[in-house]
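One line per chain: the protein sequences are A and B, in this order.
So the first sequence is residues 96 to 199, counted in this note's numbering.
So the second sequence is residues 96 to 199, counted in this note's numbering.
Glycine included, every Cβ here is placed at the ideal spot set by N, Cα and C.
There are 2 protein chains.
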Amino acid sequence: MDNAQLLKGILEGCVLSIIARGETYGYEILQDLEAAGLADIGEGTLYPVITRLDKGGLISCRRAKSPLGPIRKYYSITQAGTQALEDFKARYKAISQSAEKILF
Amino acid sequence: MDNAQLLKGILEGCVLSIIARGETYGYEILQDLEAAGLADIGEGTLYPVITRLDKGGLISCRRAKSPLGPIRKYYSITQAGTQALEDFKARYKAISQSAEKILF
DNA sequence: AAAGCTACTTTGCTTTACCAAGTAGCTTAT
DNA sequence: ATAAGCTACTTGGTAAAGCAAAGTAGCTTT
């Protein structure tokens, strides 16, 4: 019963939600997650999530030079992604309400 | 991004919490979950969770005849289970608060 | 005796988070 | 100038857990 399992499924929605706030890139997303309290998310965890979202057409990608370091891949949410995010939020709300009814 | 992933990790804590309310058995837990809104949890999903909790010493088991149908295995929470449930609740709260900060 | 509810078990599958390591651009300090 | 350190992304292997499907079986009702 570790945190990894609790995070499953939640992380993907959170990453999508962060991208929905405006164009951003992997490293910055990592910092946003950490700022929200989801610390200890490794790069090897985050980047596959991003790749999945991209392959699924929920976000789109654009390469651009960084003013500080190697090239960045900037991501924006797509229309399909916006829809998927709404669906996710609804499902999250339903499940978390059920869980809280049982737990507390 | 289906419900299965969202449920991961949550289910085990919910089952433990239901058992914490008083001695109960598999089939009844299934109905309690459904009543709380966690429908469509199959037997093939629930019973492995129970087995895991039992093997981990978080619940204890007692066999008894059912007034209606085959023999039941009644489960009660152990002291270790009570502790584990408290830990789980704390971790769940932390993660769900982070998630909600990002999502809503 | 057939149907249907109760009750638990088992097998194989898929998804996804994690760890570890690697590649590489750029800046700052010694 | 070179080593350290931050930025930035990639890849490979592992383990956990929910799910579908099927099986076994006791008991009641029609």
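By the criterion of a C-beta distance shorter than 8 Å, residue 108 of chain A is surrounded in its chain by 180, 183, 184, 187, once the five residues flanking it on both sides are discounted. Annotated three-state conformation of residue 173 of chain A is coil, per DSSP. Runs of the alpha helix (DSSP H) lying entirely within the region 98-147 of chain B and spanning at least 4 residues, in chain order: 98-102, 105-115, 121-130. In the three-state reduction of the DSSP assignment, residue 160 of chain B falls in the coil class, being assigned neither a helical nor a strand state. About 7 Å separates the beta carbons of residue 192 of chain A and residue 132 of chain B, which is inside the 8 Å limit, making them a contact pair.
For residue 100 of chain A, the residues of chain B that pass the 7 Å Cβ criterion are 103, 104, in the order they occur in the chain. Under the 7 Å criterion on CB atoms, residue 176 of chain A is classed as non-interfacial with respect to chain B. Residues of chain A with a Cβ closer than 7 Å to the Cβ of residue 191 of chain B are, in chain order, 191. Comparing C-alpha distances from residue 143 of chain A to each of A:196, A:129, A:110, A:126 shows the shortest one belongs to A:110.
Collapsing the DSSP output to three states places residue 154 of chain A in a strand. According to DSSP, residue pairing for residue 168 of chain B in a beta bridge involves B:158. Proximity of chain B to residue 184 of chain A at the Cβ level (cut-off 8 Å) is accounted for by 198, 199, in chain order. In this structure, residue 154 of chain B sits away from residue 160 of chain B, with a CB-CB distance that is not shorter than 7 Å. With contacts defined as CB atoms closer than 7 Å, residue 103 of chain A and residue 103 of chain B qualify as a contacting pair.
Residue-level contact by beta carbon fails for residue 137 of chain B and chain A, as no gap is shorter than 7 Å.
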